[in-house]
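Engineer:
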Amino acid sequence: MPRTSSSSSLDPPISRSCGSRMAATILRGTPVASRPSRRPRNSYAASRPENGSHHDLVSRTMSQILSGGEPFLYRGESGVGVLLVHGWTSSPQEMRDLGKHLAGQGHTVLGLRLPGHGTRPADLNRLLWRDWLAAVEDGYHFLENASDKVVAMGLSLGGALALLLAASLPVAGVVAMATPYELPTQPRLRWLRHLLFPMRPLGNLLRFMPKPTVNDYKDPQAYEDHLSYDVFPVQSVPEVGGLLELLRQQLPGMRAPLLLLHAVEDRGVSPDHARSIYARVGSTEKELVWIEDSGHVITVEPSRRRVYDLAAEFVDRELERAP
Numbered sequence: 439m440p441r442t443s444s445s446s447s448l449d450p451p452i453s454r455s456c457g458s459r460m461a462a463t464i465l466r467g468t469p470v471a472s473r474p475s476r477r478p479r480n481s482y483a484a485s486r487p488e489n490g491s492h493h494d495l496v497s498r499t500m501s502q503i504l505s506g507g508e509p510f511l512y513r514g515e516s517g518v519g520v521l522l523v524h525g526w527t528s529s530p531q532e533m534r535d536l537g538k539h540l541a542g543q544g545h546t547v548l549g550l551r552l553p554g555h556g557t558r559p560a561d562l563n564r565l566l567w568r569d570w571l572a573a574v575e576d577g578y579h580f581l582e583n584a585s586d587k588v589v590a591m592g593l594s595l596g597g598a599l600a601l602l603l604a605a606s607l608p609v610a611g612v613v614a615m616a617t618p619y620e621l622p623t624q625p626r627l628r629w630l631r632h633l634l635f636p637m638r639p640l641g642n643l644l645r646f647m648p649k650p651t652v653n654d655y656k657d658p659q660a661y662e663d664h665l666s667y668d669v670f671p672v673q674s675v676p677e678v679g680g681l682l683e684l685l686r687q688q689l690p691g692m693r694a695p696l697l698l699l700h701a702v703e704d705r706g707v708s709p710d711h712a713r714s715i716y717a718r719v720g721s722t723e724k725e726l727v728w729i730e731d732s733g734h735v736i737t738v739e740p741s742r743r744r745v746y747d748l749a750a751e752f753v754d755r756e757l758e759r760a761p
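Numbering (this note's numbering), first residue to last: 439 to 761.
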């Protein structure tokens with residue numbers, strides 16, 4: 439079962455000028471029917487079946503979101519919308535303090551809850567990577583209607599989703615934190631991937647695998663407070679692999695300004711992943727910054743204030759650019 443999280447303060451009310459009906463829909467996690475004319479042909483939200491797994495699953499799990507795992511929205515007046523995307527098996531909780539920091543700078547901030555997250559591990563076994571990418575597209579289109587520019591930020595798998603979003607939609611900039619280039623080399627994940635790709639039906643028998651008991655957190659309390667599943671949902675592992683395969687294909691076409699943040703001592707996703715992304719991304723404006731005194735989840739570790747400041751400075755630079 440997921441670890442419980444510390445209680446969080448209530449989010450500010452959703453402004454009507456920000457599209458209250460659409461915002462409420464996104465914050466519940468329900469698929470959004472955005473304007474078809476604004477979606478590219480390769481849009482995963484547009485291609486999602488009306489009665490597909492994502493739609494059915496959300497209907498069953500909306501009331502089961504764990505305390506602290508709720509999505510959030512902060513309304514600002516800067517003209518910049520920031521989309522925050524959490525990592526695999528985690529929840530919006532790991533992005534909330536970053537969101538508050540950016541909201542304090544006057545930005546509109548939307549912290550998504552990816553389908554199958556912040557509820558129960560079994561939910562992830564029913565979903566495809568297209569469901570996650572479609573949810574991120576929905577968040578982008580909401581912020582596009584509420585802001586002049588949209589910056590996408592993501593942690594771990596959320597960073598991969600932010601990069602993929604920018605490869606197909608006009609994102610003003612991307613901050614990718616602790617982002618994998620391929621399926622991480624954790625022995626259990628590698629074993630599951632090689633086992634399941636040729637034998638996918640085996641996932642029906644082996645549904646979960648415990649995560650390693652050893653972690654790379656520098657702050658033990660941050661580990662205790664972090665709302666994340668304690669197991670790997672087995673059928674979801676190939677979906678992560680498939681999404682990262684798409685990322686490797688799309689990176690050369692991603693031209694938006696990019697800030698990569700990665701912990702020097704990240705044992706979940708090694709620093710080599712950041713180097714690979716930096717080398718292969720098509721952006722001409724790109725920067726890789728190493729974070730000290732942190733494990734994989736850099737948004738909750740002792741060095742998180744530096745992460746927040748770097749992210750805020752990146753948004754400020756994009757705000758100063760001509761439209």
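Note that CB positions come from ideal geometry on N, CA and C, so glycine has one too.
Predicted model, so just to flag it, every value in this text is computed and none were measured.
What's the C-alpha gap between Ile736 and Thr527?
Structural biologist: Cα-Cα distance, rounded: 16 Å.
Engineer: With a floor of 3 residues, list each beta strand (DSSP E) that falls wholly inside the region 663 to 699, ordered by position along the chain.
Structural biologist: Correct list: 669 to 671.
Engineer: Residues in its own chain within less than 8 Å of Ala605 by CB, not counting five upstream and five downstream?
Structural biologist: Excluding sequence neighbours, Ala605 sits near Gln688, Leu689, Gly691 and Met692.
Engineer: By the three-class DSSP mapping on this structure, what secondary structure does Ser481 have?
Structural biologist: In this prediction, Ser481 has a pLDDT of 44, which is less than 50 and means its spatial position is unreliable; nothing more can be read from the coordinates.
Engineer: Keeping to the same chain, check which residues put their C-beta closer than 6 Å to that of Trp567; ignore five residues upstream and five downstream.
Structural biologist: Within the same chain, Trp567 has close Cβ partners Glu677, Gly680 and Leu681.
Engineer: Could you name the residues that DSSP lists as bridge partners for Val613?
Structural biologist: BP columns for Val613 point to Met591 and Leu697.
Engineer: With DSSP collapsed to three states, give me the class of Leu726.
Structural biologist: Residue state, collapsed to three classes: strand.
Engineer: With distances taken Cα to Cα, identify the nearest neighbour of Leu603 among Met615, Ala590, His734 and Leu595.
Structural biologist: If we check each option's Cα against that of Leu603, Ala590 comes out closest.
Engineer: Can you give me the Cβ contacts of Pro487 inside the same chain, cut-off strictly under 6 Å, excluding the 5 residues immediately before and after it?
Structural biologist: Only weak support is given to the placement of Pro487: the predicted model assigns it a pLDDT of 36, under 50, and the question is left unresolved by the model.
Engineer: Restricting to Cα atoms, I'd like to know which of Asp657, Leu621, Gly706 and Gly525 is closest to Gly592.
Structural biologist: Closest by alpha carbon: Gly525.
Engineer: According to DSSP, simplified to helix, strand and coil, what is Val735?
Structural biologist: Coil.
Engineer: In its own chain, which residues sit with a C-beta less than 7 Å from the C-beta of Ala750, not counting the 5 before and 5 after it?
Structural biologist: His539, Leu540 and Gln543.
Engineer: In the DSSP output, what is Phe646 paired with across the bridge?
Structural biologist: According to DSSP, Phe646 bridges with Pro671.
Engineer: Have a look at Glu739 and Phe510 and give me their C-alpha separation to the nearest angstrom.
Structural biologist: Between Glu739 and Phe510, the C-alpha separation is close to 21 Å.
Engineer: By a C-beta neighbour count over all protein chains shown, 10 Å radius and 16 as the cutoff for buried, is Leu495 buried or exposed?
Structural biologist: The predicted position of Leu495 is uncertain, since its pLDDT is 40 and thus under 50; a value taken from the coordinates is nonetheless stated next. So Leu495 counts as buried.
Engineer: Could you tell me which of Leu757, Val753 and Ser666 sits nearest to Gly506, measuring between CA atoms?
Structural biologist: Among Leu757, Val753 and Ser666, the Cα nearest to that of Gly506 belongs to Ser666.
Engineer: Just reading off the beta strand (DSSP E) that Val520 is part of, what are its end residues?
Structural biologist: Residues Val518 to Val523.
Engineer: Using the beta-carbon count (16 or more within 10 Å), is Ala483 buried or exposed?
Structural biologist: In this prediction, Ala483 has a pLDDT of 45, which is less than 50 and means its spatial position is unreliable; what the coordinates show is noted afterwards. Label assigned to Ala483: buried.
Engineer: Which stretch, first to last residue, makes up the alpha helix (DSSP H) that contains Tyr716?
Structural biologist: That run of the alpha helix (DSSP H) goes Pro709 to Arg718.
Engineer: Evaluate Ala717 with the Cβ neighbour count: other Cβ atoms within 10 Å of its Cβ, from every protein chain shown; 16 or more gives buried, anything less gives exposed.
Structural biologist: Label assigned to Ala717: exposed.
Engineer: Whose C-beta lies closer than 6 Å to the C-beta of Met615 among residues of the same chain, with five residues either side of it excluded?
Structural biologist: Same-chain partners within the cutoff: Leu593, Gly597, Leu699 and Ile736.
Engineer: Find the nearest neighbour of His711 within the set Val702, Pro559 and Pro618, judged by alpha-carbon distance.
Structural biologist: The shortest C-alpha separation from His711 is found at Pro618.
Engineer: Is Val702 helix, strand or coil when you go by DSSP?
Structural biologist: Coil, per DSSP.
Engineer: Compute the Euclidean distance between the alpha carbons of Asp569 and Val609, then round it to the nearest angstrom.
Structural biologist: Cα to Cα, Asp569 sits roughly 20 Å from Val609.
Engineer: Can you tell me where the alpha helix (DSSP H) holding Gly537 begins and where it ends?
Structural biologist: Taken as a continuous stretch (DSSP letters only), the alpha helix (DSSP H) holding Gly537 covers Gln531 to Ala541.
Engineer: Tell me Tyr512's beta-bridge partners as DSSP assigns them.
Structural biologist: Note: Tyr512 sits in a beta bridge opposite Val547.
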